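Engineer: Take a look at this one; I'll ask things after.
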Ligand SMILES: Cc1cc2nc3c(=O)[nH]c(=O)nc-3n(C[C@H](O)[C@H](O)[C@H](O)COP(=O)(O)OP(=O)(O)OC[C@H]3O[C@@H](n4cnc5c(N)ncnc54)[C@H](O)[C@@H]3O)c2cc1C
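Numbering (this note's numbering), first residue to last: -16 to 499.
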């Protein structure tokens, strides 16, 4: 194999050394599971974020099947200083997909490690290998007729609970904050040792998936959004299927009604009347999921509010649309419904339930699915809005207070407008926060739009930080900038942990801005 047959070389590693490492990887996991030809590496480099693929080009991919094979891989990585970028299913769309933060890492693709180890109906938990998808679990639950619900992110059919949870992703049932409901991990450390967190450290333990904390410092958190280990198994809780599920929609007519909407939701959510991570989406989100931009507006520049408002009115969308649900017995739901109805109706919103909806309405159907953990890919329609495969999520955290969400909305609208990007946004209802999710949609084939999306994200980050707002998750193009915003002391601690756990820096250099 000649030098230019490699898609990229690991930083500081000569082609000759890399060849020697490849030979060792092949001995460890088998020839066919070591990918280095540019042609086979290319799919791992495909990204939606506004940067050139070249910057994130992997040197190859490794596809182990067992924990022992992962251990052998890290031994070779240490010997040859070849870094790996672990993915569970690699569908981190809009945050970097499967590609590494730094050019020249090898993708450690765990998709072959996809066993469901246990699903326990009585205690409501699952233990899976990293590459296991939500779809596999959904099929398993259906096949065994288990009275359990999954909680899934939107790309669930092709994504994994492990990858999503490790990036601290979210879903939409009462178990929506995934890391809260994670319980027990198995991690291969950079030195090849295998750590079982929490109660998993005890031999013959049967409490690994039922008690999160174990004894001593709680470690699971340091393996999320980090590069301190390779998670090979993860436990998490599954919600018992409730006897009654009552989804609803509340529409508000004006953009400033975000204040009323959020202030109405907050006490209901904090008191667990509304127990789930519902969403509050703007009109443009509703429109973009099922419409192409040119049908409304063909000019450059942010689509004007009047156009959006007129189209939303025609289609019956609110300026803001609250999707949430009630869960429980008939009696519980009846009592909670009284409170929900009273609160939203007196807030000026239009409240709708299943009976008011067209059963074929795809927007209603997909929210109904996602708030009950049913898999759907409907939201991918959003990528036809502009076309050209560009998307990057700007995801700042807001207090769950109307005045704060209004301030964030206004700031995000102003900045996106400057770059000619539409404000396609929703708020995900947290326990005391709102995840403000803005999808910067653009055409990757148009260099001007690429630059605009890139600079827009950069300005959003900085201007939000000036107001004290930070993102909950970041894409691989901006990890260093985001880490810097979280300050030098946090960064020092992150680096100290990295040096202690991975002195050769072989695991995911650059993840969350951590690189030695
Ligand atoms: C239309 C659309 C809707 C979306 N909706 C949602 C949503 O509702 N909620 C949401 O959270 N996201 C959403 N996303 C973003 C993203 O696609 C999902 O979060 C997806 O679940 C992440 O991909 P994955 O599960 O394959 O994780 P991966 O890509 O496998 O992992 C994510 C990251 O975690 C780390 N990692 C993964 N596995 C390991 C491991 N075993 N050991 C160590 N580190 C690891 C790596 O840094 C990796 O890059 C959406 C994206 C799109 C395009």
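C-beta: ideal position from N, C-alpha, C; glycine also. All values reported here derive from a predicted model rather than from experimental measurement.
State buried or exposed for residue -3, treating a residue as buried only when at least 16 other CB atoms are found within 10 Å of its CB.
Structural biologist: Taking every protein chain shown into account, the CB of residue -3 has fewer than 16 other CB atoms within 10 angstroms, so this residue is exposed.
Engineer: Identify, in the order they occur along the chain, each residue of the same chain with its Cβ nearer than 7 Å to the Cβ of residue 24, setting aside the five sequence neighbours on each side.
Structural biologist: -10, 18, 41, 43, 44
Engineer: Is residue 181 near ligand 1, going by C-beta to nearest heavy atom under 6 Å?
Structural biologist: The beta carbon of residue 181 sits no closer than 6 Å to any heavy atom of ligand 1.
Engineer: Could you tell me the alpha carbon to alpha carbon distance between residue 28 and residue 84, rounded to whole angstroms?
Structural biologist: 11 Å
Engineer: In this structure, what does DSSP give as the bridge partners for residue 165?
Structural biologist: 219
Engineer: For residue 86 and residue 80, I'd like the C-alpha separation in whole angstroms.
Structural biologist: 14 Å
Engineer: DSSP on residue 296, reduced to helix/strand/coil?
Structural biologist: If DSSP states are grouped into helix, strand and coil, residue 296 belongs with the helices.
Engineer: CA-CA distance, residue 14 and residue 305?
Structural biologist: 51 Å
Engineer: Under 6 Å from any heavy atom of ligand 1, does the C-beta of residue 41 make it?
Structural biologist: No, the beta carbon of residue 41 sits no closer than 6 Å to any heavy atom of ligand 1.
Engineer: Residue 204 by DSSP, collapsed to three states: which one?
Structural biologist: helix
Engineer: Can you tell me the Cβ-Cβ gap for residue 171 and residue 57, rounded? I've got them flagged as a contact below 8 Å.
Structural biologist: 6 Å
Engineer: Can you give the beta carbon distance from residue 197 to residue 182, rounded, assuming they're within the 8 Å contact cut?
Structural biologist: 5 Å
Engineer: Would residue 168 and residue 217 qualify as a contact pair, given that the criterion is a beta-carbon distance under 7 Å?
Structural biologist: yes
Engineer: I need the straight-line Cα distance from residue 340 to residue 368, nearest angstrom please.
Structural biologist: 25 Å
Engineer: Are residue 222 and residue 156 closer than 7 Å when you measure CB to CB?
Structural biologist: yes
Engineer: For residue -14 and residue 266, what's the separation of their Cα atoms in angstroms?
Structural biologist: Residue placement at residue -14 is poorly supported in this model, since its pLDDT is 49, which falls under 50; the coordinates are not used for a value here.
Engineer: To the nearest angstrom, how far is the alpha carbon of residue 430 from that of residue 448?
Structural biologist: Rounded to whole angstroms, residue 430 to residue 448 spans 27 Å at the Cα level.
Engineer: Could you spell out where the alpha helix (DSSP H) holding residue 92 opens and where it closes?
Structural biologist: That residue, residue 92, is in no alpha helix (DSSP H); its beta strand (DSSP E) goes 89 to 92.
Engineer: Under the assumption that residue 11 contacts residue 487 (Cβ atoms under 8 Å), give the Cβ distance between them as a whole number of angstroms.
Structural biologist: About 17 Å; that fails the 8 Å criterion.
Engineer: Note down, in chain order, each residue of its chain lying with its Cβ closer than 6 Å to the Cβ of residue 421, except the 5 sequence neighbours on either side.
Structural biologist: 377, 395, 408
Engineer: Helix, strand or coil: which one does DSSP assign to residue 174?
Structural biologist: coil
Engineer: Are residue 309 and residue 234 touching if we call contact CB-CB under 7 Å?
Structural biologist: no
Engineer: Tell me whether the segment 380 to 392 and the segment 238 to 249 touch, counting them as touching only if at least three CB pairs, one residue from each stretch, are closer than 8 Å.
Structural biologist: yes
Engineer: Over the uninterrupted beta strand (DSSP E) stretch that includes residue 32, give me the two end residues.
Structural biologist: Unbroken run through residue 32: none, as it is neither H nor E.
Engineer: Just the C-alpha distance for residue 272 and residue 330, rounded to the nearest angstrom, thanks.
Structural biologist: 27 Å
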